[in-house]
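Have a look at the structure below before the remarks.
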Amino acid sequence: MSAADAIVIVGTGAAGVGAAFALRSAGCTAPIVLIGDEPHPPYDRPPLSKAVLLGRLPPERTQMRRQEIYAQRGFDLRLNRQAVALDRTARRVLLDDGSAIEYAQLVLATGARPRRLDVPGADLDCIHVLRTLDDAVSLRDALVGSPRLLVVGGGYLGLEAAASARKRGAHVTVVECAARLLPHVASDEMARFVRRLHETEGVEIRTGATLRTLHGTGFVQQAELADGTRIDVDRVLFAVGAMPETSLAVSSGLAVADGIQVDASLRTEDPHIWAAGDVARCGPRRVESIANAQHHARIVAASILGQVPPRAEPAWFWTDQYEVKLQTVGLLREDDEKLVRGSPLRRSFAVLHLRDGRVSAIELLNRIGDLPAARRLVAAGATLDEAQLAFQHPDHERQIA
Amino acid sequence: MSTHPIGHVVSEDGTRRSLEAEPGQSLMTVLREHDLPLAAICGGCLSCATCHVYVDAAWVDRLLPPESGEIELLACDPTYRPGASRLSCQIQIVDEIDGLVVTVAPQA
Ligand SMILES: Cc1cc2nc3c(=O)[nH]c(=O)nc-3n(C[C@H](O)[C@H](O)[C@H](O)COP(=O)(O)OP(=O)(O)OC[C@H]3O[C@@H](n4cnc5c(N)ncnc54)[C@H](O)[C@@H]3O)c2cc1C
Ligand code: FES
Chain A
1 MSAADAIVIV
11 GTGAAGVGAA
21 FALRSAGCTA
31 PIVLIGDEPH
41 PPYDRPPLSK
51 AVLLGRLPPE
61 RTQMRRQEIY
71 AQRGFDLRLN
81 RQAVALDRTA
91 RRVLLDDGSA
101 IEYAQLVLAT
111 GARPRRLDVP
121 GADLDCIHVL
131 RTLDDAVSLR
141 DALVGSPRLL
151 VVGGGYLGLE
161 AAASARKRGA
171 HVTVVECAAR
181 LLPHVASDEM
191 ARFVRRLHET
201 EGVEIRTGAT
211 LRTLHGTGFV
221 QQAELADGTR
231 IDVDRVLFAV
241 GAMPETSLAV
251 SSGLAVADGI
261 QVDASLRTED
271 PHIWAAGDVA
281 RCGPRRVESI
291 ANAQHHARIV
301 AASILGQVPP
311 RAEPAWFWTD
321 QYEVKLQTVG
331 LLREDDEKLV
341 RGSPLRRSFA
351 VLHLRDGRVS
361 AIELLNRIGD
371 LPAARRLVAA
381 GATLDEAQLA
391 FQHPDHERQI
401 A
Chain B
1001 MSTHPIGHVV
1011 SEDGTRRSLE
1021 AEPGQSLMTV
1031 LREHDLPLAA
1041 ICGGCLSCAT
1051 CHVYVDAAWV
1061 DRLLPPESGE
1071 IELLACDPTY
1081 RPGASRLSCQ
1091 IQIVDEIDGL
1101 VVTVAPQA
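Chains A and B are the protein sequences, given in the same order.
FYI, in the working numbering the residues of the first sequence are 1 to 401.
FYI, in the working numbering the residues of the second sequence are 1001 to 1108.
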């Protein structure tokens, strides 16, 4: 088989690695080349802001597979190697070492890069982002000695990092420019609960607060908000979202609009190029989650092989903060009708989201046992009655055999 | 660091394999590193139940018992077997479990 039969995958995150394994599992015998620009063998990101920051999980334990497995599966895994350009006419990927690889099919699974705010002082030392293993280790090591940490951004990533840092003894302030925490990704009910939780744990939360300037000489020492408030800090974490890493698509003229545009089979407008995971925009919204990346991996593998793609699954996301586990199934919309079941006070409740009388999403707090039911209800677009039946016990007495 | 045989893992097709592990790893990471068919979507955060294994009867009582969350998550899985089912991310490799025998549960 010539190199031109190769399936080349750029990006070794959940989507890229998942696609490689899904291709092999589905019987694909073509050469598969995996190109990743990070120095580490492929690893899981979710534990980075949780167990790794807490110091409970050594970084090497986040590794997805033993390194020899990649060779055993016949993958040509190239780490520390960046794809810098595409030549779509010749069907070649150009790498940063000057070499080029021909592809029959190309999967762009380049994920997303963390955003940094463009405020004065943003280039001072002791300012962090959190996306890679190296980022996590650097922040973990910065949390010794109870530093004052300012987390900019009250989304899931910022709040997980805040919780982990607090547990490590840091003095934590979270600033969020929206009027509440978790804008767009949680209901008001859930966001209120999460705010109280952090405040109880000793985190200072400031919503409606915009960072204006970071002050310091060499390293950051003070943060100034738009209302003039000044906060003394030792460390700052930017957790203000991620931008899809679309540069290869943009420079090669593929359609990009908050992500590389793909159809339901995850194909771009170029019949030999596909996109999967955080970087792919399939449908009305780009989704950033592991479940989505893994699902994309299976779809793209099936599409490339001309097989029937797996059924669509409702979006699914989870977060762990302190002793609390929050799961979200389905995509939320501001205008959903909402019903709370269970007890926020007892730290065990569900928020049912209804759209046109049907269950469109469910948030579960400390009710992981309800996850399978929640998935089923959202996937089926169940009626309120059906949902009530599944969630009728306020404190859900489950029969544990 | 010394590696430990964790005894046998029985795959879906009934074949047995012996795996090496290091103390401090979770069983999930061992299984996945060795490319057993385990989604382990959440990476060990006790949030997905896709790292489900059946522990051989002779071994059940020799492991630390599961936390309540683990059973809650497992109990709704159609492939749940009371007593035998565990989430492999919640089982830590320690010297005492050398020789452990588990079977990877079918993925839902
Ligand atoms: C700290 C943290 C915690 C998270 N927690 C959760 C969680 O609890 N639950 C959840 O569902 N999701 C969580 N997520 C989101 C989840 O990790 C992502 O959705 C998922 O990693 C997306 O996978 P991906 O393969 O699309 O992209 P990525 O994991 O971003 O992988 C893309 C890879 O491609 C590489 N790359 C980019 N461009 C190039 C190039 N030109 N050449 C070579 N390589 C390149 C990148 O360096 C990267 O290694 C978390 C994310 C972070 C950062
Ligand atoms: S890996 Fe998700 S619960 Fe074990």
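The beta-carbon is built from N, C-alpha and C at its ideal position, and this holds for glycine as well.
The model shown is predicted, which means the values in this text are computed figures rather than measured ones.
So that I know if they touch, is there some Cβ in chain B lying closer than 7 Å to that of A:Pro372? yes
Considering only residues of the same chain and omitting the five flanking positions on each side of A:Gln399, which have a CB-CB separation below 8 Å? Note that A:Gln399 has pLDDT 31, beneath the 50 cutoff, so the model's placement of it is unreliable and no number is given.
If you drop the 5 nearest sequence neighbours on each side, which residues of the same chain put their C-beta closer than 7 Å to that of B:Arg1081? Tyr1054
Within 8 Å, do at least three Cβ pairs link the region 68-84 of chain A to the region 1058-1069 of chain B? no
Is A:Gly18 buried or exposed, if buried means 16 or more other CB atoms sit within 10 Å of its CB? buried
Excluding the 5 residues flanking A:Leu48 on each side, which residues of the same chain have their C-beta closer than 6 Å to its C-beta? Ala136
Under 7 Å Cβ-Cβ, which residues of chain B neighbour A:Arg66? Glu1033, His1034
Presumed contact (8 Å Cβ cut-off) between A:Ala390 and A:Leu377, rounded CB distance: 6 Å
Quick check on the DSSP output: what are the complete alpha helix (DSSP H) runs of length 4 or more inside the region 132-191 of chain A, in order along the chain? 133-142, 156-167
Which same chain residues, not among the five before or five after A:Val144, have their C-beta less than 6 Å away from its C-beta? none
Can you tell me whether DSSP reads B:Ala1118 as helix, strand or coil? Outside the displayed range of chain B (1001 to 1108) lies residue 1118 of chain B, so it cannot be described from this structure.
7 Å Cβ cutoff met for A:Val233 and A:Arg148: yes
Helix or strand or just coil, what does DSSP make of A:Gly381? coil
Please classify A:Asn80 as buried or exposed, where buried requires at least 16 other C-beta atoms within 10 Å of its C-beta. exposed
Could you tell me which of A:Ala85, A:Ile101, A:Leu133, A:Leu23 sits nearest to A:Gly55, measuring between CA atoms? A:Leu133
Hey, A:Ala90 and A:Ile35: beta-carbon distance below 7 Å or not? no
If A:Leu423 sits next to A:Leu53, beta carbons under 8 Å apart, how far is it from one beta carbon to the other, in whole angstroms? Outside the shown range of chain A (1 to 401) lies residue 423 of chain A, about which nothing can therefore be said.
Determine which residues share a DSSP beta bridge with A:Arg92 and list them. A:Asp87, A:Glu102
Would you say B:Gly1099 lies against chain A (beta-carbon separation less than 7 Å)? no
Let me check understanding here. Comparing Cα to Cα, which of A:Gly154, A:Ser348, A:Ala122 lies closest to A:Ala179? A:Gly154
Got a sec: does ligand 1 put a non-hydrogen atom nearer than 6 Å to the Cβ of A:Asp278? yes
Pairing CB atoms from the region 323-338 of chain A with CB atoms from the region 350-361 of chain A, are three or more of them under 8 Å? yes
Does any C-beta atom of chain A lie closer than 7 Å to the C-beta of B:Ser1002? Low confidence applies to B:Ser1002: its pLDDT is 39, below 50, so where it sits in the model is not reliable, and the reading given next is rough at best. No, its Cβ sits nowhere closer than 7 Å to a Cβ of chain A.
C-alpha gap between A:Val151 and A:Glu323, whole angstroms: 20 Å
Buried or exposed: where does B:Ser1018 fall if 16 or more other Cβ atoms within 10 Å of its Cβ makes it buried? exposed
Which value, in whole angstroms, describes the spacing of the CA atoms of A:Gly11 and A:Arg286? 17 Å
Can you find the residues in the same chain that come closer than 8 Å, C-beta to C-beta, to A:Asp263, ignoring five residues on each side of it along the sequence? Cys282
Do you know whose CA, among A:Arg367, A:Gln388, A:Leu124, lies nearest B:Ala1075's CA? A:Arg367
heavy atom of ligand 2 below 6 Å from B:Ala1040 C-beta: yes
For the region 49-63 of chain A, which residues have a CB atom closer than 9 Å to at least one CB atom of chain B, in sequence order? Lys50, Ala51, Leu57, Pro58, Arg61, Thr62, Gln63
Helix, strand or coil for A:Tyr70, going by three-state DSSP, please let me know. helix
Against B:Cys1042, what residues of chain A qualify as contacts under a CB-to-CB distance less than 8 Å, listed in chain order? Pro46, Ile290, Trp318
Measure the alpha-carbon distance for A:Leu384 versus A:Leu354 and round it to whole angstroms. 8 Å
Report the rounded CA-to-CA distance for A:Glu386 versus A:Arg230, giving the unit in angstroms. 51 Å
Mind checking whether the beta-carbon of A:Pro46 lies closer than 6 Å to any heavy atom of ligand 1? yes
Could you round the C-beta distance between A:Gln237 and A:Ala161 to whole angstroms and report it? I think they count as a contact, below 8 Å. In the sequence under discussion, the amino acid at residue 237 of chain A is Leu, which differs from the Gln named in the question. A:Leu237 to A:Ala161, Cβ: 6 Å. Contact.
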